[in-house]
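S.K.:
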Amino acid sequence: MSSIAVIGTGYVGLVSGACLADFGNTVVCMDTDGKKIEALKKGEIPIYEPGIEDIVSRNVAAGRLSFSTDPALAIKGADAVFIAVGTPPADDGSADLKYVESAARSVARNLEGYVVVVDKSTVPVGTARKVKSWIDEELSLRGVKREFDVVSNPEFLREGSAVQDFTHPDRVVIGAESDRAKKLMKDVYRVLYLNETPYIETNLETAEMIKYASNAFLSVKITFINEVANLCEKAGANVQDVARAMGKDGRIGSKFLHSGPGYGGSCFPKDTLAMARTGRDFGEPMSIVETTIEANERQKARMVVKIEKGIGGLEGKTVAILGLAFKPNTDDMREAPAIAICLGLASGGAKIRACDPVAGKEAAWRLASIKDSIYFARDEYDAIQGADAVVIVTEWNQYRNLDLAKVKTLLSSPNFFDLRNIYKRSDLEAMGFRYFAVGQ
Ligand SMILES: NC(=O)c1ccc[n+]([C@@H]2O[C@H](COP(=O)([O-])OP(=O)(O)OC[C@H]3O[C@@H](n4cnc5c(N)ncnc54)[C@H](O)[C@@H]3O)[C@@H](O)[C@H]2O)c1
Numbered sequence: 072m073s074s075i076a077v078i079g080t081g082y083v084g085l086v087s088g089a090c091l092a093d094f095g096n097t098v099v100c101m102d103t104d105g106k107k108i109e110a111l112k113k114g115e116i117p118i119y120e121p122g123i124e125d126i127v128s129r130n131v132a133a134g135r136l137s138f139s140t141d142p143a144l145a146i147k148g149a150d151a152v153f154i155a156v157g158t159p160p161a162d163d164g165s166a167d168l169k170y171v172e173s174a175a176r177s178v179a180r181n182l183e184g185y186v187v188v189v190d191k192s193t194v195p196v197g198t199a200r201k202v203k204s205w206i207d208e209e210l211s212l213r214g215v216k217r218e219f220d221v222v223s224n225p226e227f228l229r230e231g232s233a234v235q236d237f238t239h240p241d242r243v244v245i246g247a248e249s250d251r252a253k254k255l256m257k258d259v260y261r262v263l264y265l266n267e268t269p270y271i272e273t274n275l276e277t278a279e280m281i282k283y284a285s286n287a288f289l290s291v292k293i294t295f296i297n298e299v300a301n302l303c304e305k306a307g308a309n310v311q312d313v314a315r316a317m318g319k320d321g322r323i324g325s326k327f328l329h330s331g332p333g334y335g336g337s338c339f340p341k342d343t344l345a346m347a348r349t350g351r352d353f354g355e356p357m358s359i360v361e362t363t364i365e366a367n368e369r370q371k372a373r374m375v376v377k378i379e380k381g382i383g384g385l386e387g388k389t390v391a392i393l394g395l396a397f398k399p400n401t402d403d404m405r406e407a408p409a410i411a412i413c414l415g416l417a418s419g420g421a422k423i424r425a426c427d428p429v430a431g432k433e434a435a436w437r438l439a440s441i442k443d444s445i446y447f448a449r450d451e452y453d454a455i456q457g458a459d460a461v462v463i464v465t466e467w468n469q470y471r472n473l474d475l476a477k478v479k480t481l482l483s484s485p486n487f488f489d490l491r492n493i494y495k496r497s498d499l500e501a502m503g504f505r506y507f508a509v510g511q
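Under the numbering used here, the first residue of the sequence shown is numbered 72, with each subsequent residue one higher.
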């Protein structure tokens, strides 16, 4: 079993660190955010992620998992250092690597013996070699020689089911050049390796490309069905039946064929931008990805127009928004469609009554620019109270099973916008709602 440092204790770093500790490794999760580390030391989990609290407390109690702001403490003596810092989009769409660079340099400043530096962050093709050169540069500034290898080990976990995904992945991808690094990674992932999880070893560039190609492909799939949905609306077809029938084709598969308000979150938007940028940089434009990015922006804007048309203008109207997080079971609001929808509604003159089971705190600062137009409700029924329309933006379970009779009484006009297609038109119309979905 290995001794591991994880640099960056966000969604990926915390989940990876806790799960690697659960695999029997000794892990120090390090972050520059002192508040986050203090909270974790007190047993408080800074993110909402089902199952994480249990796995963290269990491994802290077993002495395999600890937290620190001190890179030296985390890195010295580690067999592997995982870099799990953010890679947000820069102004030109490329992945901003400043946090990765700073993490790599801090590894070099604290390196004593051989170590494997693992890129866990999603980083463009060529980054592992940059990480190597940043470390080399820093070591020569120190005037010391140290042996190390850089490995690319992209992460495929999904927020909301991150612990399950990390511990039961569809595949583990390891981009590595030396046998020594490959052997160490097998040791780190011993539990999965022995469980016969597909374990794919590649070169560095291939591993980096696998992550972007996977996320871009999923984004294309979502966007494709959204465009089919828009066409269905005009042509009198029902996208849910179309998707169900398409999904039965084994070559297509049923996943990621749910039409809705457009994809959001911390990964797809920035990873598609970065992949498009990489294509342009290499003179091989990713035209499908470029088009997907544009179509996804249009899809979010289209939702505002749908609501505006459905209720006869926005000025002076009140709209209840159910669900703010970019998907259920997370408090992450990065690039959430709810942001674009709320901003669009507010700029059209509507007042918003919004709710989310866990993302309220995130929403308050992300939507601060429209704070005079938005009220954060206690729950879904408080949000709906007196509104001209209810809009389901995120399909949390509790919004799948609303007390519809109560909703009808609380609304001032019975307009029901189901942007996730989770209700049945016939049921809602039978109760006297005006029902609007996506692609039906
Ligand atoms: N969130 C996901 O679902 C997901 C899934 C797969 C891959 N990824 C990728 O993983 C990476 C991390 O994503 P995230 O969502 O966990 O980000 P995050 O913003 O939640 O966490 C990043 C953390 O890194 C810390 N940090 C930044 N610079 C640091 C430094 N030099 N030293 C120590 N800590 C530092 C920040 O304080 C923050 O806590 C990204 O590249 C992302 O694309 C994310």
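Backbone N, C-alpha and C fix where the C-beta goes; we use that ideal spot for every residue, glycine too.
For Arg424, write down the residues that DSSP places opposite it in a beta bridge.
M.R.: For this step, residue 424 is matched to residue 353 along the sequence shown. Its beta-bridge partners are Ala391, Tyr446.
S.K.: Is the beta carbon of Glu304 less than 8 Å from the beta carbon of Val234?
M.R.: Along the sequence shown, one-based indexing puts residue 304 at 233. Along the sequence shown, one-based indexing puts residue 234 at 163. No, the pair does not count as a contact, with Cβ atoms beyond the cut-off.
S.K.: What do you reckon, are the CB atoms on Gly331 and Phe397 nearer than 8 Å?
M.R.: The residue given as residue 331 occupies position 260 in the sequence shown. The residue given as residue 397 occupies position 326 in the sequence shown. No, they are not a contact pair.
S.K.: Taking the straight line between their C-alpha atoms, what separation do you get for Val462 and Leu302?
M.R.: As a working mapping, residue 462 is identified with position 391 in the sequence shown. As a working mapping, residue 302 is identified with position 231 in the sequence shown. When rounded, the distance between both Cα atoms is 21 Å.
S.K.: Do the stretch 382 to 393 and the stretch 456 to 476 meet, that is, are 3 or more Cβ pairs less than 8 Å apart?
M.R.: Yes: at least three Cβ pairs fall under 8 Å.
S.K.: Please report the residue range of the beta strand (DSSP E) in which Asp190 lies.
M.R.: Taking the first residue of the sequence shown as position 1, residue 190 is located at position 119. Element bounds for Asp190: 186 to 190.
S.K.: In this structure, how does DSSP classify Arg505 when only helix, strand and coil are distinguished?
M.R.: Walking along the sequence shown from the start, residue 505 turns up at place 434. Strand, per DSSP.
S.K.: Contact between the stretch 356 to 371 and the stretch 466 to 484: three or more CB pairs below 8 Å?
M.R.: Not touching, per the Cβ criterion.
S.K.: By Cβ distance below 7 Å, which residues in the same chain neighbour Gly333 in space, the five residues on each side in sequence not counted?
M.R.: Position 262 of the sequence shown, counted from the first residue, corresponds to residue 333. The residues are Asn297, Asn367, Gln370, Lys371, Pro408.
S.K.: Can you tell me which residues form a DSSP beta bridge with Ala151?
M.R.: Counting from 1 along the sequence shown, the entry for residue 151 is found at position 80. According to DSSP, which records beta bridges pairwise, Ala151 is partnered with Ile75, Val187.
S.K.: Relative to the C-alpha of Gly197, which candidate in Glu276, Thr140, Asp190, Asp163 has its C-alpha closest?
M.R.: Here residue 197 refers to the residue found at position 126 of the sequence shown. Minimum Cα distance to Gly197 is reached at Glu276.
S.K.: Name the DSSP bridge partner or partners of Ile463?
M.R.: Walking along the sequence shown from the start, residue 463 turns up at place 392. DSSP output for Ile463 lists Leu393, Asp489 as bridge partner(s).
S.K.: Helix, strand or coil: how does DSSP classify Phe227 here?
M.R.: Mapped onto the sequence shown, residue 227 falls at position 156. Looking at Phe227 - three-state DSSP - the assignment turns out to be coil, as it is neither helix nor strand.
S.K.: How many angstroms separate the CA atom of Ala476 from the CA atom of Tyr470?
M.R.: To locate residue 476, count along the sequence shown from 1; it is residue 405. To locate residue 470, count along the sequence shown from 1; it is residue 399. Cα to Cα, Ala476 sits roughly 14 Å from Tyr470.
S.K.: Let me confirm a value: Pro225 is counted as buried when at least 16 other C-beta atoms fall within 10 Å, else exposed. Which label applies?
M.R.: Working through the sequence shown from its first residue, we reach residue 225 at position 154. With 16 or more other Cβ atoms within 10 Å, it is buried.
S.K.: Roughly how many whole angstroms lie between the Cα atoms of Lys113 and Gly134?
M.R.: Within the sequence shown, the letter at position 42 stands for residue 113. Within the sequence shown, the letter at position 63 stands for residue 134. Using only the alpha carbons, I get a separation of about 15 Å.
S.K.: Is there contact between the stretch 146 to 153 and the stretch 74 to 93, where contact requires at least three CB pairs shorter than 8 Å?
M.R.: Yes, they touch.
S.K.: Please confirm whether Gly134 has its beta-carbon closer than 8 Å to some beta-carbon of chain B.
M.R.: The question asks about chain B, but that chain is absent: this structure has only one protein chain.
S.K.: What are the start and end residues of the beta strand (DSSP E) that includes Phe138?
M.R.: Here residue 138 refers to the residue found at position 67 when the sequence shown is read from its first residue. 136 to 139 is the extent of the beta strand (DSSP E) around Phe138.
S.K.: With Gly88 and Thr80 assumed to form a contact (beta carbons below 8 Å), what rounded beta-carbon distance in angstroms separates them?
M.R.: Taking the first residue of the sequence shown as position 1, residue 88 is located at position 17. Taking the first residue of the sequence shown as position 1, residue 80 is located at position 9. The pair is a contact, with the Cβ atoms about 7 Å apart (cut-off 8 Å).
S.K.: Kindly list the residues whose CB is nearer than 8 Å to the CB of Ser177, restricted to its own chain and excluding five residues on each side of it in sequence; keep chain order.
M.R.: Translated into the one-based positions of the sequence shown, residue 177 becomes position 106. For Ser177, where only same-chain residues beyond five positions count, the Cβ hits under 8 Å are Ile78, Pro142, Ile146.
S.K.: If you drop the 5 nearest sequence neighbours on each side, which residues of the same chain put their C-beta closer than 7 Å to that of Asn181?
M.R.: Your numbering for residue 181 matches position 110 in the sequence shown. Closer than 7 Å at the Cβ level, and outside the excluded window around Asn181, lie Pro142, Ala143, Ile146, Lys147.
S.K.: So is the beta-carbon of Glu226 under 7 Å away from any non-hydrogen atom of ligand 1?
M.R.: Residue mapping note: residue 226 aligns to position 155 of the sequence shown, counting from 1. The answer is yes for Glu226.
S.K.: On a Cα-Cα basis, can you pick out the residue from Arg449, Glu109, Asp104, Gly350 that is closest to Gly394?
M.R.: Locating residue 394 in the sequence shown gives position 323, counting from the first residue. For Gly394, the nearest C-alpha among the options comes from Arg449.
S.K.: Take Tyr260 and list the residues in its own chain whose beta-carbon comes closer than 6 Å to its own, dropping the five residues that flank it on each side.
M.R.: Within the sequence shown, numbered from 1, the residue matching residue 260 stands at position 189. Excluding residues within five positions, the ones whose Cβ falls inside 6 Å are Val243.
S.K.: Hey, could you find the ends of the beta strand (DSSP E) Cys100 is sitting in?
M.R.: The residue you call residue 100 lines up with position 29 of the sequence shown. Start and end: 97 to 101.
S.K.: Can you tell me whether Ala439 is buried or exposed? The criterion is at least 16 other CB atoms within 10 Å of its CB, across all chains shown.
M.R.: Locating residue 439 in the sequence shown gives position 368, counting from the first residue. Exposed, by the Cβ-count rule.
S.K.: What residue from Ser444, Thr363, Tyr446 has the CA that sits closest to Val291's CA?
M.R.: Mapped onto the sequence shown, residue 291 falls at position 220. Cα-wise, what sits closest to Val291 is Thr363.
S.K.: Taking DSSP as the reference, what is the three-state secondary structure of Val429?
M.R.: Counting from 1 along the sequence shown, the entry for residue 429 is found at position 358. DSSP places Val429 in coil when its eight states are reduced to three.
S.K.: Under 8 Å Cβ to Cβ from Trp205, same chain only, skipping five residues before and after it: list those, please.
M.R.: Stepping through the sequence shown from its first residue, residue 205 is reached at position 134. Counting only Cβ-Cβ distances below 8 Å, and skipping sequence neighbours, we find Glu172, Ala175, Arg176, Ala179.
S.K.: In terms of alpha-carbon separation, which member of Pro159, Ser285, Val186, Leu490 lies closest to Lys216?
M.R.: By one-based count along the sequence shown, residue 216 stands at place 145. With distances taken between Cα atoms, Lys216 lies closest to Val186.
S.K.: Check each candidate in Arg129, Asp241, Thr158, Ala252 and name the one with the smallest Cα separation from Val189.
M.R.: The residue you call residue 189 lines up with position 118 of the sequence shown. If we check each option's Cα against that of Val189, Ala252 comes out closest.
S.K.: Check whether the stretch 336 to 346 and the stretch 155 to 171 are in contact - that is, three or more C-beta pairs closer than 8 Å.
M.R.: These segments touch.
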